[in-house]
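Report on the following structure.
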Amino acid sequence: MLVENLPVEQLENVIVSQTGQQITVRSFTNPDEVTYNITTTDDGDMQNCTCPDHQNSGTLCKHMFAVNQFLGVPFPPFTPSHSSSSSNLPVTSERSTTTPLQPLFEK
Ligand SMILES: [Zn+2]
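Numbers given in this note's numbering equal positions in the sequence shown, counted from 1, plus 292.
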């Protein structure tokens, strides 16, 4: 199923709540009875969804697309290997601290 073919109203209704690092979404096929949980990482990226679609394939599911579209939560970085726990390299700041602030307006 392509999420692009779903009406926007349905996508909006999919999202139930967002609490901390857990986002609750409704099932697309059985929204009245089934909900799934999307968890996010410390960085705020989506990490996992409990729906069978994601559990079976490991790919991005339609719930993640809905959450991304309406909550602005980033998709998880694609990790083809089995583990991503060792890929969190420290990010070096490239921001220069010596650049003086430029005035926005000149009178
Ligand atoms: Zn899902």
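Virtual Cβ for every residue (Gly too), placed ideally from N, Cα, C.
Beta-carbon separation (whole angstroms), residue i vs residue j, contact threshold 8 Å
| i | j | result |
| --- | --- | --- |
| Thr331 | Gln310 | Between Gln310 and Thr331 the Cβ distance is about 11 Å, and since that is not below 8 Å, they are no contact. |
| Val365 | Ile307 | 10 Å between Cβ atoms; not a contact. |
| Phe362 | Leu352 | Contact flag wrong, Cβ pair sits at about 15 Å. |
| Asn329 | Thr342 | 5 Å |
| Thr327 | Val317 | 7 Å |
Local conformation of residue i per DSSP, three classes
| i | result |
| --- | --- |
| Ser319 | coil |
| Gln339 | strand |
Residue i - partner residues in DSSP beta bridges
| i | result |
| --- | --- |
| Cys309 | This sequence places Ser at residue 309; Cys is not what is there. DSSP, once it has assigned bridges, lists Thr316 as partnering Ser309. |
Sequence-distant residues of the same chain with beta carbon closer than 6 Å to residue i, five excluded per side
| i | result |
| --- | --- |
| Asn340 | Thr331 |
| His346 | Cys353 |
Close beta carbons around residue i, own chain, < 7 Å, minus the five adjacent residues each side
| i | result |
| --- | --- |
| Glu304 | Phe362 |
Please list, in chain order, all residues with a C-beta atom less than 5 Å from at least one heavy atom of ligand 1.
-> Close to ligand 1, as judged by a C-beta nearer than 5 Å to any of its heavy atoms, are the residues Cys341, Cys343, His346, Cys353, His355, in chain order.
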